[in-house]
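Chemist: Residue numbers (our numbering): 2 to 225. Ideal Cβ placement from N, Cα and C applies to all residues, glycine included.
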Amino acid sequence: MPVALQLLPPRSTAELALRAEALTGRTLSELADALGVELPTEPKRAKGAVGQLIERALGACGGCAPGPDFAALGVELKTIPVGADGRPRESTFVCTIAPFEIAYEEWPSSRVRAKLSCVLWVPIALAPPRRIQRPRLWRPSPAQERALREDWEELAGLVATGALEQLTAHRGRVLQVRPKAAHGRVRTLAPGPEETPLFALPRGFYLRARFTAGILADLEPGCG
DNA sequence: GATTGATCATAC
DNA sequence: GTATGATCAATC
2 MPVALQLLPP RSTAELALRA EALTGRTLSE LADALGVELP TEPKRAKGAV
52 GQLIERALGA CGGCAPGPDF AALGVELKTI PVGADGRPRE STFVCTIAPF
102 EIAYEEWPSS RVRAKLSCVL WVPIALAPPR RIQRPRLWRP SPAQERALRE
152 DWEELAGLVA TGALEQLTAH RGRVLQVRPK AAHGRVRTLA PGPEETPLFA
202 LPRGFYLRAR FTAGILADLE PGCG
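#1: Assuming G205 and V51 are in contact, meaning their beta carbons sit under 8 Å apart, how far apart are those beta carbons, in whole angstroms?
#2: Nearest to Q207 by alpha carbon, out of P180, E155, P67 and L190?
#3: Grab me the residues of K79's own chain with a C-beta within less than 8 Å of its C-beta, minus the 5 sequence neighbours each way, in chain order.
#4: Using the three-state DSSP reduction, which class does A23 fall into: helix, strand or coil?
#5: If you drop the 5 nearest sequence neighbours on each side, which residues of the same chain put their C-beta closer than 8 Å to that of V4?
#6: List the endpoints of the continuous alpha helix (DSSP H) containing Q177.
#7: In the DSSP output, which residue or residues are listed as bridge partners for R204?
#8: Within a Cβ cutoff of 6 Å, which residues of the same chain sit near I216, ignoring the five residues on either side of it in sequence?
#9: For a test of the three-state rule: what should DSSP assign to E166, helix, strand or coil?
#10: Smallest Cα separation from P203: which of A21, V187, A66 and A104?
#11: Answer yes or no: do T14 and V76 have a C-beta to C-beta separation smaller than 8 Å?
#12: Excluding the five sequence neighbours on either side, which residues of its own chain have a C-beta within less than 7 Å of the C-beta of A73, listed in chain order?
#13: State the Cα-Cα distance for the pair G193 and A61, rounded to the nearest angstrom.
#14: Ordered along the chain, which non-local residues of its own chain (more than five positions away) have a Cβ less than 6 Å from that of E151?
#15: With a threshold of 16 other CB atoms inside 10 Å of the CB of E56, please say whether the residue is buried or exposed.
#16: Who are the near neighbours of Q167 in its chain, counting only those whose CB is closer than 8 Å to its CB and skipping five residues on each side?
#17: Given that a residue counts as buried once 16 or more other Cβ atoms are within 10 Å of its Cβ, and exposed if not, what is G223?
#18: How big is the Cα-Cα spacing for S30 and A58?
Next up, the structure:
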């Protein structure tokens, strides 16, 4: 059994892009073997395992400090499951919502914008043998940022004004608000109507698959 | 088949 | 419990 491998963080985005590119075509189990880690066999228990595997493979600090996965580069890593057509099959978690603090955020300084300012997308085929597709280093285009900003301003406004319980995942064209919790009994304090705080299920921002599909489709090889 | 709401693992 | 990493599974 090989000893778990720990890479040093990449020192430049060019080095990161090179490392990522080298993963193209490999399967998750090949990668897991090479790194000496085991992937959960039961899919239900494997949530998050893929992201953590790729983190290790690229030298991200993996679950240590808050902030971008590649802190020195300001790059966030996201794995994304794709179908045979290359399109995303799931939404993408962006960040949790701090219900009271969000009233004091503006888009330019928002957590959503910060998270999405520079992302390395690593698409992975959903169907066995789970091959890694060509990674994309991405920054939002002006049009993409406008779309994100419009949704964020609407959604953040609803949260800040006490409408969290009326806010469903239907809202937002590219960004949406959905539960983000260990289980359904978790509660956090949030602004409520009539200036009365309420206990609500914690929520987070997610990118709709239609938005990430645009990212994966628009970026040609080497763009990043 | 796509989407929404709920959930699962790990580290601190 | 909080935060990071996401996908599951019931529902539309």
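Modeler: The relevant details are as follows:
#1: 19 Å between Cβ atoms; not a contact.
#2: Reading the sequence as shown, one finds Tyr at residue 207 and not Gln. It is P180 whose Cα lies nearest to the Cα of Y207.
#3: G52, T93, V120, L121, W122 and V123
#4: coil
#5: Confidence at V4 is low in this model, with a pLDDT of 46, below 50, so the placement of that residue is unreliable and no value is reported for it.
#6: That residue, Q177, is in no alpha helix (DSSP H); its beta strand (DSSP E) goes L176 to P180.
#7: P180
#8: W139
#9: helix
#10: V187
#11: yes
#12: P10
#13: 39 Å
#14: none
#15: buried
#16: L159
#17: Unreliable positioning characterises G223 in this predicted model, as indicated by a pLDDT of 45, which lies under 50. The coordinate reading is nonetheless provided below. The residue in question, G223, is exposed, as its Cβ has fewer than 16 Cβ neighbours within 10 Å.
#18: 12 Å
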